[in-house]
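J.: My structure is below; once you've seen it, I'll send some questions.
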Amino acid sequence: MALVALYRSAPLRQRISKGYSVYVPGHGRGAEELVGSLLAGPPPLPAGPSGQPHTVRGSARARGALWVDTGRVSLHDPATRARTAEALAVSVARVAADVRRRGGLLLPTGWQQQPDPLAGLCADLHSAEVLNPVQREVFTNLVREHTASLIALGGRQLYGPGGVAPGGSARLSRSFDQVSTRYLDSCAPEHLERVRTRLRQEERVGRLEVMDVSPLGMPEAHTGEDVTVRLFDAQVTVAGTLAHALLVQALSMWSRDLERTGRRVRQVPQFLLEQNRARAVAHGLAAELRVDQTRRTEEPPRTQSAGRAVRTLLSELLPYLRQLDATTDELAPLFLGVEMAGSAAASGFVRNENDLLAHWHREDRTALAPERLAQGLATPDWLTADHCGASNKAVGHGSWAAARVWLTDRLAGPAPQPDRRHEAQPDRRHEAQRDRREPGRPAPLTADQLLDRLARPDLPAPEVMDALRSYCRAGGTLDLTRPLRSRGRDEARALRRVLRPRAGQRVRCEKPPVSWDDATATRALRAAGEQGVALMHWDLPAQDRARVREALRGMGRAPGGVRTVLLTDTNYTAREDEKRGTVEVLLVAPREGTDR
1 MALVALYRSA PLRQRISKGY SVYVPGHGRG AEELVGSLLA GPPPLPAGPS
51 GQPHTVRGSA RARGALWVDT GRVSLHDPAT RARTAEALAV SVARVAADVR
101 RRGGLLLPTG WQQQPDPLAG LCADLHSAEV LNPVQREVFT NLVREHTASL
151 IALGGRQLYG PGGVAPGGSA RLSRSFDQVS TRYLDSCAPE HLERVRTRLR
201 QEERVGRLEV MDVSPLGMPE AHTGEDVTVR LFDAQVTVAG TLAHALLVQA
251 LSMWSRDLER TGRRVRQVPQ FLLEQNRARA VAHGLAAELR VDQTRRTEEP
301 PRTQSAGRAV RTLLSELLPY LRQLDATTDE LAPLFLGVEM AGSAAASGFV
351 RNENDLLAHW HREDRTALAP ERLAQGLATP DWLTADHCGA SNKAVGHGSW
401 AAARVWLTDR LAGPAPQPDR RHEAQPDRRH EAQRDRREPG RPAPLTADQL
451 LDRLARPDLP APEVMDALRS YCRAGGTLDL TRPLRSRGRD EARALRRVLR
501 PRAGQRVRCE KPPVSWDDAT ATRALRAAGE QGVALMHWDL PAQDRARVRE
551 ALRGMGRAPG GVRTVLLTDT NYTAREDEKR GTVEVLLVAP REGTDR
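Mind the numbering: the sequence shown is residues 1 to 596 in full-length UniProt numbering, read in order.
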């Protein structure tokens with residue numbers, strides 16, 4: 001047998017409990033009675049890849065809901081995950097058929113038109129296997145740190161004939177039996193009672209099982225040996241739930257990596273976690289989340305959009321997603337819509353299943369009818385399809401294709417270095433000269449690294465210039481509009497103020513340039529050469545913005561090693577509702593004596 005893969009922090013198993021609500025049309029017995037009768041005589045369900053049959057269960061906390069439980073399953077490669085998804089979809093379809101036979105409909109959680117819509121609100125439960133108390137502690141604390149991002153990504157709202165309610169998570173906004181996760185100092189058996197006592201006395205948390213992340217699993221799901229994540233509202237599709245399972249799997253591998261190397265998770269202040277959690281519950285992916293600032297400052301608190309926090313989480317999980325051989329199709333329901341909404345000028349992109357239901361309702365007022373949704377849940381192929389991707393493709397095919405390329409490139413990782421041991425040795429004299437000219441030159445800053453550095457309070461102007469020049473050493477097109485758009489509005493406005501030079505270095509342009517020999521372009525180049533940086537500013541009718549961008553592309557590289565950085569490219573409404581556009585381009589000259 002050949003060794004095909006070797007992991008230092010290999011993926012462990014995970015238990016998935018897929019939640020749905022039950023709706024009984026008309027008068028007669030209610031959802032709770034139907035759920036009780038189904039649990040007394042459940043339909044036969046297929047087995048997953050592990051050979052263990054799926055089970056259906058209920059909960060005293062949500063009497064109008066049902067869960068299809070996979071038992072512990074391995075999610076270590078795409079083929080196994082695909083078989084897991086197919087088996088889970090077949091199980092959901094069989095439960096849906098049995099509910100219909102009993103006079104009800106199996107629906108996505110949150111349907112408003114029933115006597116008690118809150119009785120069916122439920123979560124998808126993901127219980128990750130851990131091998132020792134340290135892994136239990138580290139995994140719990142790691143998921144805790146990313147609470148707001150995960151709630152924003154997986155939040156679901158109430159829906160009905162009138163559409164989808166605005167906001168983040170209907171379940172968590174109404175929950176009285178689930179609280180935010182507290183930081184755990186230890187999960188060792190000899191320390192656990194002291195941890196419980198401290199949380200009960202200082203945090204008023206009587207049981208660890210009521211936290212968003214339960215380090216002791218869920219008793220009703222028989223997951224006492226696992227760590228159960230209760231942050232994701234029950235998703236409409238199996239595809240969405242499996243994408244979340246992949247996310248939990250990568251977080252589990254990350255925590256095992258930390259445990260193996262003797263590291264722990266930092267303790268994010270509880271008040272900050274509570275505040276960001278509340279914002280994510282209330283506003284979902286539209287939330288502005290506060291950033292943890294390690295040192296005190298008189299500056300106003302920094303914020304970032306929930307979408308940017310999700311993209312940051314993706315970047316941190318990439319090494320583990322690559323180990324899992326995660327594919328673009330698997331992760332598309334999670335990240336493509338968030339990326340498209342943050343980087344494109346058009347609106348209406350679907351970021352999660354909350355947006356998906358709202359999009360369906362805009363396209364077809366009958367799309368959220370119970371019969372239509374119940375029919376979808378009874379169809380395995382419908383359950384495993386990427387409906388978010390299909391909707392985004394319809395909204396903007398070009399943006400969708402570009403986002404898929406972006407995600408594919410992120411998952412591919414850096415290109416492997418060729419083996420040069422057998423190649424002819426190059427002449428080292430030029431390398432020595434270059435090393436003497438630029439000893440120890442660091443790598444260019446990325447856009448996010450540049451913005452993070454500029455966000456520091458009271459940064460001196462020379463350091464701003466050095467950071468900007470470092471960013472300009474990168475190859476390709478230099479465009480800050482997307483990274484700025486992904487940050488909070490106030491932070492983006494403050495960063496643009498830092499980047500804009502003084503009034504004498506700003507050149508107002510009336511029309512798109514033809515070449516670098518134009519009078520306005522020449523004046524801007526001269527200012528950049530004398531002061532290091534200049535700004536070209538256009539304020540013109542909105543329809544002419546594209547002409548400015550096309551003209552800049554057609555002009556090619558600026559002379560003298562000057563680099564151009566797109567700072568602003570947006571529309572605004574002027575007086576009398578006139579649509580205007582603003583384009584701002586920084587011209588950054590190299591430092592004296594450097595290569596141009």
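Glycine included, every Cβ here is placed at the ideal spot set by N, Cα and C.
Looking at glutamate 225: is its Cβ nearer than 8 Å to the Cβ of valine 138?
T.: Your numbering for residue 225 matches position 225 in the sequence shown. Your numbering for residue 138 matches position 138 in the sequence shown. Against a cut-off of 8 Å, the Cβ pair of valine 138 and glutamate 225 comes out as no contact.
J.: For a test of the three-state rule: what should DSSP assign to tyrosine 471, helix, strand or coil?
T.: Taking the first residue of the sequence shown as position 1, residue 471 is located at position 471. Correct three-state label for tyrosine 471: helix.
J.: Would you call the CB atoms of serine 17 and aspartate 98 closer than 8 Å?
T.: Within the sequence shown, the letter at position 17 stands for residue 17. Within the sequence shown, the letter at position 98 stands for residue 98. Against a cut-off of 8 Å, the Cβ pair of aspartate 98 and serine 17 comes out as no contact.
J.: Should proline 11 be labelled buried (16 or more other beta-carbon atoms within 10 Å of its own) or exposed?
T.: Position 11 of the sequence shown, counted from the first residue, corresponds to residue 11. Buried, since its Cβ has 16 or more Cβ neighbours within 10 Å.
J.: Buried or exposed: where does glutamate 330 fall if 16 or more other Cβ atoms within 10 Å of its Cβ makes it buried?
T.: Along the sequence shown, one-based indexing puts residue 330 at 330. Buried is the call here.
J.: Return the CA-CA distance between aspartate 419 and arginine 410, expressed in angstroms with no decimal places.
T.: What you label residue 419 is simply residue 419 of the sequence shown in a count that begins at 1. What you label residue 410 is simply residue 410 of the sequence shown in a count that begins at 1. Because the pLDDT of aspartate 419 is 39, which lies under 50, any placement of that residue in the model is unreliable, and the question is left without a value.
J.: Can you tell me whether DSSP reads methionine 253 as helix, strand or coil?
T.: Here residue 253 refers to the residue found at position 253 of the sequence shown. Helix at methionine 253.
J.: I'd like the span of the alpha helix (DSSP H) that includes aspartate 452, first residue to last.
T.: Taking the first residue of the sequence shown as 1, we reach residue 452 at position 452. Counting along the chain, the alpha helix (DSSP H) containing aspartate 452 begins and ends at 447-454.
J.: Spatial neighbours of arginine 351 within its chain, please: CB distance less than 6 Å, with the 5 preceding and 5 following residues excluded, ordered by chain position.
T.: Within the sequence shown, the letter at position 351 stands for residue 351. The answer, listed in chain order, is Leu285, Gly337, Val338, Ala341.
J.: If we ignore side chains and look at the alpha-carbon of each, how far apart do proline 215 and glutamine 235 end up?
T.: The residue you call residue 215 lines up with position 215 of the sequence shown. The residue you call residue 235 lines up with position 235 of the sequence shown. The straight-line gap from Cα to Cα measures roughly 23 Å.
J.: Less than 6 Å between C-beta atoms, sequence neighbours within five positions excluded: which residues of the same chain meet that for arginine 156?
T.: What you label residue 156 is simply residue 156 of the sequence shown in a count that begins at 1. Correct list, in chain order: Gly110, Asp233, Asn354.
J.: Considering only their Cβ atoms, is the gap separating valine 533 from threonine 520 smaller than 8 Å?
T.: Translated into positions along the sequence shown, residue 520 becomes position 520. Translated into positions along the sequence shown, residue 533 becomes position 533. No, the pair does not count as a contact, with Cβ atoms beyond the cut-off.
J.: Would DSSP call glutamine 304 helix, strand or coil?
T.: Along the sequence shown, one-based indexing puts residue 304 at 304. In the structure shown, glutamine 304 sits in a strand (DSSP, three-state: E or B).
J.: How is histidine 54 classed by DSSP in three states: helix, strand or coil?
T.: One-based indexing of the sequence shown puts residue 54 at position 54. In this structure, histidine 54 counts as coil in the three-state DSSP scheme.
J.: Rounding to the nearest angstrom, what Cα-Cα distance links aspartate 517 and leucine 525 in this structure?
T.: The count along the sequence shown starts at 1 and reaches residue 517 at position 517. The count along the sequence shown starts at 1 and reaches residue 525 at position 525. About 10 Å.
J.: Run through the DSSP bridge pairs and tell me what alanine 534 is partnered with.
T.: Residue mapping note: residue 534 aligns to position 534 of the sequence shown, counting from 1. Per DSSP, Leu587.
J.: In chain order, what residues of the same chain have a beta carbon less than 7 Å from the beta carbon of leucine 272, not counting five sequence neighbours either side?
T.: Translated into positions along the sequence shown, residue 272 becomes position 272. For leucine 272, where only same-chain residues beyond five positions count, the Cβ hits under 7 Å are Arg290, Asp292.
J.: Tell me the DSSP secondary structure of glutamine 14 in three-state form.
T.: Along the sequence shown, one-based indexing puts residue 14 at 14. DSSP places glutamine 14 in strand when its eight states are reduced to three.
J.: Give the single residue among Asp479, Val238, Glu510, Thr408 whose Cα lies nearest to the Cα of threonine 379.
T.: In the sequence shown, residue 379 corresponds to position 379, counting from 1. Answer by Cα proximity: Val238.
J.: Compare the C-alpha of leucine 105 against each of Leu454, Ser21, Arg63 and name the closest.
T.: Start at 1 with the first residue of the sequence shown, and residue 105 comes out as number 105. The candidate whose alpha carbon is nearest that of leucine 105 is Ser21.
J.: Pop quiz: glutamine 52 and valine 248 are said to be a contact at Cβ under 8 Å. What is the actual Cβ separation, rounded to whole angstroms?
T.: Indexing the sequence shown from 1 puts residue 52 at position 52. Indexing the sequence shown from 1 puts residue 248 at position 248. No, glutamine 52 and valine 248 are not in contact; Cβ-Cβ is about 19 Å, not under 8 Å.
J.: What residue range is occupied by the uninterrupted beta strand (DSSP E) comprising asparagine 571?
T.: Within the sequence shown, residue 571 is the residue found at index 571, counting from 1. Run containing asparagine 571: 563-573, per the beta strand (DSSP E) assignment.
J.: Within this structure, are the beta carbons of cysteine 122 and alanine 60 separated by less than 8 Å?
T.: Here the question's residue 122 lines up with position 122 in the sequence shown. Here the question's residue 60 lines up with position 60 in the sequence shown. No, they are not a contact pair.
J.: When we look at the beta-carbon of arginine 279 and count the other beta-carbons within 10 Å, is it buried (16 or more) or exposed?
T.: On the sequence shown, position 279 is the one that residue 279 refers to. Flag for arginine 279 reads buried.
J.: Output needed for proline 49: all residues of its chain with C-beta closer than 8 Å, excluding positions within five of it in sequence on either side, in chain order.
T.: Position 49 of the sequence shown, counted from the first residue, corresponds to residue 49. Val73, Ser74, Thr80, Arg83, Thr84, Ala87, listed in sequence order.
J.: Smallest Cα separation from proline 117: which of Asp124, His126, Leu125, Leu107?
T.: Here residue 117 corresponds to residue number 117 of the sequence shown, with the count starting at 1. With distances taken between Cα atoms, proline 117 lies closest to Leu107.
J.: In three-state terms, what does DSSP make of histidine 76?
T.: Taking the sequence shown and counting its residues from 1, one reaches residue 76 at position 76. The answer is coil: DSSP assigns histidine 76 none of H, G, I, E or B.
J.: Among all the DSSP beta bridges, which residues are the ones paired with glycine 71?
T.: Within the sequence shown, numbered from 1, the residue matching residue 71 stands at position 71. Answer is none; glycine 71 lacks a bridge partner.
J.: Where do the N-terminal and C-terminal ends of the beta strand (DSSP E) with aspartate 226 fall, by residue?
T.: For the purposes of this step, residue 226 is taken as the residue at position 226 of the sequence shown. Aspartate 226 -> beta strand (DSSP E) spans 226-229.
J.: Find the nearest neighbour of threonine 568 within the set Leu499, Glu530, Asp77, Ala551, judged by alpha-carbon distance.
T.: Along the sequence shown, read from residue 1 onward, the residue named residue 568 stands at position 568. Per the Cα distances, Leu499.
J.: When you compare only the Cα positions, how much space is there between threonine 241 and arginine 473?
T.: Position 241 of the sequence shown, counted from the start, is the residue given in the question as residue 241. Position 473 of the sequence shown, counted from the start, is the residue given in the question as residue 473. Cα-Cα distance, rounded: 42 Å.
J.: One question on the structure: do residue 597 and aspartate 124 come within less than 8 Å of each other, judged by their Cβ atoms?
T.: This structure does not reach residue 597, given that the chain is present from 1 up to 596, and the question cannot be answered.
J.: What beta strand (DSSP E) runs, 3 residues minimum, are completely inside the segment 76-129?
T.: DSSP runs (the beta strand (DSSP E)) wholly in the segment 76-129: 105-107, 125-129.
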